[in-house]
Structure formats: C-alpha cells, structure tokens
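Numbering (UniProt numbering), first residue to last: 1 to 135.
The beta-carbon is built from N, C-alpha and C at its ideal position, and this holds for glycine as well.
Only one structure is covered here, and it is reproduced in the block below.
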Amino acid sequence: LPPPLKSPAAFHEQRRSLERARTEDYLKRKIRSRPERSELVRMHILEETSAEPSLQAKQLKLKRARLADDLNEKIAQRPGPMELVEKNILPVESSLKEAIIGEEDPAALRERQLRCRRGGEGILRASWMGRVNLG
1 LPPPLKSPAA
11 FHEQRRSLER
21 ARTEDYLKRK
31 IRSRPERSEL
41 VRMHILEETS
51 AEPSLQAKQL
61 KLKRARLADD
71 LNEKIAQRPG
81 PMELVEKNIL
91 PVESSLKEAI
101 IGEEDPAALR
111 ERQLRCRRGG
121 EGILRASWMG
131 RVNLG
C-alpha cells in the first residue's frame, strides 16, 4: 500500500512491519495447532501411503488409471437391455416384450429364420434372372 500523501514514510513503514508481524504470529499459531498426520489421514485429507512424497502423485495417477480400467472392463461385461428384458430384470409392457423376445420356442424361431433366408434368396435369384421386379 502506498503511504497516504499527508503521513510520513516512517509511519507507513512501521505500519507495514506491524502487519507483517501480525501475519507471522497468526501463521505460527496455525502451524502449532495443525492436526497430526494420522488425524489428516482419518479425515481423508491425506492418503495412507508408504511411498516417498516425490512419488505420491505418480502413485495416485496410477491408482486412478487402474480404477478407470477396472470400471471400463466391468461396463463392457454388463448385460445389455435385451438380456435384462429376457431375464425379467428390466420391466416392459407384455406386448412389447412379446415383440422383443417372441413367444415361440428356439427351434421354431430358427426354422422361421431359415425360411425367410431361403425365401429372400429365391427373390434375389428371380430378380437376377428378370422374373421379379424389386423396384
């Protein structure tokens, strides 16, 4: 702070040194009354680690990368919505469920899929030979 125009420079200097001394006393009191390391760990302010302080940042970064990898792996393995509907975990209306899952047994479903494929191939073959117009 610049000294006021009407006050002498010595007064301003004395004021600055008093403010500095007051700040220094305040900081010394805070340092004396700071909590122990174990208390800071208990309050989750510090991490419990045996690593050197210079390696702690790298250790934390590695821990976060491992957590991210584990989470991505678990997300990739989780079931999709169709599987959740089939297992009655995800509720849907019965008409929608029938359309999604189908009420026929797997053998009948496979037979219907094969018939559709064969029919589709027949249409494509007929189209290629000029018998059916697909347009």
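Straight-line gap, residue 67 to residue 57 (C-alpha atoms, nearest Å) = For this step, residue 67 is matched to residue 67 along the sequence shown. For this step, residue 57 is matched to residue 57 along the sequence shown. If you take the alpha carbons of residue 67 and residue 57, they lie about 15 Å apart.
C-alpha gap between residue 62 and residue 55, whole angstroms = For this step, residue 62 is matched to residue 62 along the sequence shown. For this step, residue 55 is matched to residue 55 along the sequence shown. For residue 62 and residue 55, the distance between alpha carbons rounds to 11 Å.
Assign residue 82 to one of three DSSP states: helix, strand, or coil.
-> Locating residue 82 in the sequence shown gives position 82, counting from the first residue. DSSP places residue 82 in helix when its eight states are reduced to three.
Anyone know if the C-beta pair for residue 81 and residue 71 falls short of 9 Å?
-> For the purposes of this step, residue 81 is identified with residue 81 of the sequence shown, where counting begins at 1. For the purposes of this step, residue 71 is identified with residue 71 of the sequence shown, where counting begins at 1. Cβ distance not < 9 Å, so residue 81 and residue 71 don't count as in contact.
8 Å contact criterion, which residue 37 and residue 46 should meet: CB distance rounded | Residue 37 sits at position 37 when you count from the first residue of the sequence shown. Residue 46 sits at position 46 when you count from the first residue of the sequence shown. Residue 37 to residue 46, Cβ: 6 Å. Contact.
DSSP state of residue 24, grouped into three classes?
-> On the sequence shown, residue 24 is found 24 positions in, with the first residue counted as 1. Helix, per DSSP.
Residue span of the alpha helix (DSSP H) that contains residue 87, given as start and end | Counting from one through the sequence shown, the residue named residue 87 turns up at place 87. Element bounds for residue 87: n/a, residue is neither H nor E.
If you draw a straight line from the alpha carbon of residue 178 to that of residue 48, how long is it in whole angstroms?
-> Any question about residue 178 goes unanswered here, given that the chain covers just 1 to 135.
What span of residues does the alpha helix (DSSP H) with residue 41 cover, start to end?
-> Translated into positions along the sequence shown, residue 41 becomes position 41. Note, residue 41: alpha helix (DSSP H), 37-42.
Rounded distance between the beta-carbons of residue 59 and residue 65, thought under 8 Å | Locating residue 65 in the sequence shown gives position 65, counting from the first residue. Locating residue 59 in the sequence shown gives position 59, counting from the first residue. With a Cβ gap of about 11 Å, residue 65 and residue 59 do not count as contacting.
Endpoints, alpha helix (DSSP H) assigned at residue 75 = The residue labelled residue 75 in the question sits at position 75 within the sequence shown. 53-77 is the extent of the alpha helix (DSSP H) around residue 75.
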